[in-house]
Amino acid sequence: MEQKKSTQKRNQLLAAALDVFSVYGFTGASLDEIAQLADMHKSNIFYYYENKESLYVEVLTTVLQKWLAPLQTLESELEPAEALSHYLIQKIELSRSQPKASRLFALEIIQGAPHILPILKGPLKKLFKRKAKVIQTWQEEGKISPDIDPELLILNIWGLTQNYADFATQMEMVTGKTLRNRSMFQRSIEHTVHLMLYGVLPR
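Going by the UniProt record's numbering, the first residue of the sequence shown is number 1, and it counts up by one from there.
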């Protein structure tokens with residue numbers, strides 16, 4: 001029972017930290033504000049984390065795990081149209097359901113990723129290279145256009161899908177809607193999948 005309560009408190013703290021870090025970044029975020037949002041005393045934060053940086057890195061690591069999970073599904077045994085469509089849909093769903101996570105990652109990257117460089121240069125880079133190889137295999141099998149650069153394709157997918165979260169305000173200002181609107185969410189999926197597959201599949 002105590003462990004369950006501790007886990008709930010920890011998750012509550014991580015959710016509050018994500019809310020604050022995604023708005024103010026690491027430097028501008030305050031542990032006082034995070035504690036208030038998490039409904040706990042500031043001193044209790046140190047029961048779970050050594051300092052603000054360790055809390056921030058934990059939030060970022062959790063974000064990365066969720067963000068990279070859809071990429072894991074790309075395998076050369078699958079048909080590219082189906083695999084890429086599924087990947088795009090998963091990424092857009094993440095932008096709809098967890099926009100704060102995407103914005104936090106964008107903030108960290110814009111600042112040069114000082115807190116997660118080892119992850120970017122290590123596990124993320126290895127996964128990125130491995131999935132680029134999947135796309136290259138599809139090319140060799142004649143299943144996607146030979147004109148496509150596998151690494152740039154993955155980067156383009158990241159940019160295109162995360163735009164819906166990172167620039168949601170811009171989207172709302174010019175269209176009057178965000179992904180919270182069901183019809184816009186569906187339109188965004190259909191448009192993005194069509195746009196990407198039209199450029200990727202051989203014609």
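Note that CB positions come from ideal geometry on N, CA and C, so glycine has one too.
Backbone CA spacing between residue i and residue j [nearest angstrom]
| i | j | result |
| --- | --- | --- |
| L160 | L195 | 10 Å |
| A132 | Q139 | 11 Å |
| Q162 | F26 | 20 Å |
| residue 217 | P202 | This structure does not reach residue 217, given that the chain is present from 1 up to 203, and the question cannot be answered. |
| I157 | A15 | 27 Å |
| M171 | Q90 | 20 Å |
| V63 | I110 | 16 Å |
| T178 | S145 | 32 Å |
| I92 | R130 | 22 Å |
| L74 | W67 | 14 Å |
| Q36 | N51 | 16 Å |
| Y164 | R96 | 7 Å |
| F46 | R10 | 11 Å |
| V193 | M184 | 14 Å |
| R187 | D39 | 38 Å |
Local conformation of residue i per DSSP, three classes
| i | result |
| --- | --- |
| F108 | According to the sequence as given, residue 108 is Glu; it is not Phe. It is helical. |
| K143 | coil |
| K131 | helix |
| D19 | helix |
| K100 | helix |
| R203 | coil |
| K125 | helix |
| H86 | helix |
| L74 | coil |
| L179 | coil |
| P80 | helix |
| I92 | helix |
| I116 | coil |
Boundaries (first-last residue) of the alpha helix (DSSP H) holding residue i
| i | result |
| --- | --- |
| residue 206 | The structure shown does not extend to residue 206, since the chain spans only 1 to 203, so no value can be given for it. |
| I34 | 31 to 37 |
| Q162 | 150 to 166 |
| Y48 | 42 to 48 |
| L60 | 52 to 68 |
Cβ distance (whole Å) where residue i is taken to contact residue j below 8 Å
| i | j | result |
| --- | --- | --- |
| A113 | V59 | No, A113 and V59 are not in contact; Cβ-Cβ is about 14 Å, not under 8 Å. |
| E108 | I119 | 10 Å between Cβ atoms; not a contact. |
| F21 | L104 | 5 Å |
| S102 | D166 | 6 Å |
| L197 | S85 | 7 Å |
| K100 | D32 | About 19 Å separates the two Cβ atoms, so there is no contact after all. |
| P150 | Q136 | 5 Å |
Residue of the options minimising C-alpha distance to residue i
| i | options | result |
| --- | --- | --- |
| V134 | M40, E77, E33, Q12 | E77 |
| V23 | S43, Y56, V174 | Y56 |
| K126 | S188, L71, G199 | L71 |
| L153 | Y87, G176, P123 | Y87 |
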